[in-house]
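J.:
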Amino acid sequence: GRAAGSAAAQAEARQILNVGGKASEEEVREVAEKMIAMNDPAKGGSEYLQQKITFARDILARTPPPEDAKAGAEEKGGQGEKK
């Protein structure tokens, strides 16, 4: 959606997951997984925090880092979306 392309949303997502601008999609997913496990509501964690972590993961996993933006645009070539 609109939030995925927002620089502010990306910055917030990086703060939530405590990852830098060069973090790979794999790193983002690993950090998010660990944080979700640590915040399991069944173990006294916060459902709200889990939602924020999931939001951050979803934004960053779909958005290429700035240095890869040019290469990513060339790869897509207007042929639909990668999933």
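Residue numbers for the sequence shown follow our numbering, beginning at 925 and rising by one. Don't be surprised by glycine CBs; every beta carbon is placed ideally from N, CA and C.
1. Identify whether aspartate 964 lies in helix, strand or coil by the three-state DSSP scheme.
2. Cα-Cα, which of Val952, Arg981 and Leu973 is closest to methionine 962?
3. Less than 9 Å between the C-beta atoms of glycine 945 and arginine 938, yes or no?
4. Considering only residues of the same chain and omitting the five flanking positions on each side of glutamate 957, which have a CB-CB separation below 8 Å?
5. Please classify glutamine 934: is it buried, with 16 or more other beta-carbons within 10 angstroms of its beta-carbon, or exposed?
T.: For this structure:
1. For the purposes of this step, residue 964 is taken as residue 40 along the sequence shown, with counting starting at 1. Assigned with DSSP and collapsed to three states, aspartate 964 falls in coil, not helix or strand.
2. The sequence position of residue 962 within the sequence shown is 38, counting from 1. Of the candidates Val952, Arg981 and Leu973, the one whose C-alpha sits nearest the C-alpha of methionine 962 is Leu973.
3. Counting from one through the sequence shown, the residue named residue 945 turns up at place 21. Counting from one through the sequence shown, the residue named residue 938 turns up at place 14. Yes; because the gap between Cβ atoms is below 9 Å, this pair is in contact.
4. Numbered from its first residue, the sequence shown carries residue 957 at position 33. Nothing listed; no residue qualifies.
5. By 1-based counting over the sequence shown, the position of residue 934 is 10. Buried, because 16 or more other Cβ atoms sit within 10 Å of the Cβ of glutamine 934.
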